[in-house]
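Asker: Here it is: the structure, laid out below.
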Amino acid sequence: MPKDFFRLHGLGEPRSRRRFLAQVSFGLGGVMGLMLGVPLIGYLFGPLIKRSPQQWIDLGPVSDFALGQTKLVSFTDPSSVPWAGQTSQTSVWVRQTAPNAFDVFAVNCTHLGCPVNWLDGARLFECPCHGGIYYSDGTVAAGPPPRSLFKHETRIVDGRLQAFTIPLPTSQLSEYVGNA
Ligand code: FES
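Here it is as structure tokens:
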């Protein structure tokens with residue numbers, strides 16, 4: 000076929016094989032990029048826009064908690080992302096204030112979220128980061144914390160204590176618990 004056949008018959012320039020293959024490659028590359036990129040973006044950013052799951056967590060039999068004592072109980076945070084690993088472990092402080100009546104405090108200080116310690120002798124919670132101090136009922140005794148320790152809602156089911164989880168980060172806790 001003469002080289003200028005297409006031009007003479009008003010059909011424009013023929014597409015070269017190289018150009019055609021390049022366009023096919025770009026097209027397939029784009030499709031592959033979409034197939035891989037959309038799930039990856041969803042995996043990375045999904046937890047940021049998804050509401051954290053809240054649920055009742057089991058803290059153990061009521062008989063594990065002595066009246067008037069404050070005890071640390073650890074559990075896996077159900078709102079953590081799948082790749083959180085060790086950081087998905089969190090804790091609460093549990094106090095039995097009267098028979099079958101419990102205060103369950105989030106372990107995080109309400110200032111900047113450091114885990115607070117219970118000082119049994121002084122009967123106070125102490126934050127090691129900036130010296131925040133809380134009374135045994137969670138109210139602020141001293142230091143920079145702007146409000147009381149956050150309290151979890153509690154219930155007893157079949158003789159076991161349960162607490163309703165509070166999603167992290169702690170800056171959002173006040174949306175869920177109004178015990179300032
Ligand atoms: S984080 Fe607890 S006092 Fe600052």
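Under numbering that gives the first Met the number 0, the first residue of the sequence shown is numbered 0, with each subsequent residue one higher.
We put the beta carbon where it would ideally sit given N, CA and C, even for glycine.
Please read these numbers as outputs of a predicted model, since none were measured by experiment.
1. Look up ASP57 in the DSSP assignment and say whether it is helix, strand or coil.
2. I'd like the list of long-range same chain contacts for ASN116, defined as Cβ closer than 6 Å, with 5 residues on each side in sequence excluded.
3. Can you list, in chain order, the residues of its chain with a C-beta nearer than 8 Å to that of ARG159? Leave out the 5 residues immediately preceding and following it.
4. Pull up the distance between the alpha-carbon of GLY120 and that of GLY36, whole angstroms please.
5. To the nearest angstrom, report how far apart GLY32 and ARG17 are at their CA atoms.
6. Using the C-alpha atoms, what's the distance from LEU66 back to ASN99?
7. Would you check if the distance between the CB atom of VAL93 and the CB atom of VAL106 is smaller than 8 Å?
8. Quick one: using the 10 Å Cβ neighbour count with 16 as the cut-off for buried, is VAL30 buried or exposed?
9. Following the continuous beta strand (DSSP E) through ILE165, name the residue where it begins and the one where it ends.
10. Helix, strand or coil for PHE19, going by three-state DSSP, please let me know.
11. When the Cα of ALA141 is compared with those of THR153, CYS108 and SER15, which residue comes out closest?
Answerer: Per the coordinate set shown:
1. The answer is strand: DSSP assigns ASP57 an E or B state.
2. Contacts found: GLU125.
3. The residues are ASP57, LEU58, GLY59, PRO60 and VAL61.
4. Each residue's Cα considered, the two are about 56 Å apart.
5. Distance between the alpha carbons of GLY32 and ARG17 is about 22 Å.
6. In this model, ASN99 and LEU66 are separated by some 9 Å (Cα to Cα).
7. For VAL93 and VAL106, no; Cβs fall outside 8 Å.
8. Answer is exposed; the Cβ neighbour count stays below 16.
9. First-last for ILE165: undefined, no H or E at that position.
10. In the structure shown, PHE19 falls within a helical segment according to DSSP collapsed to helix, strand and coil.
11. The option with the nearest alpha carbon to ALA141 is CYS108.
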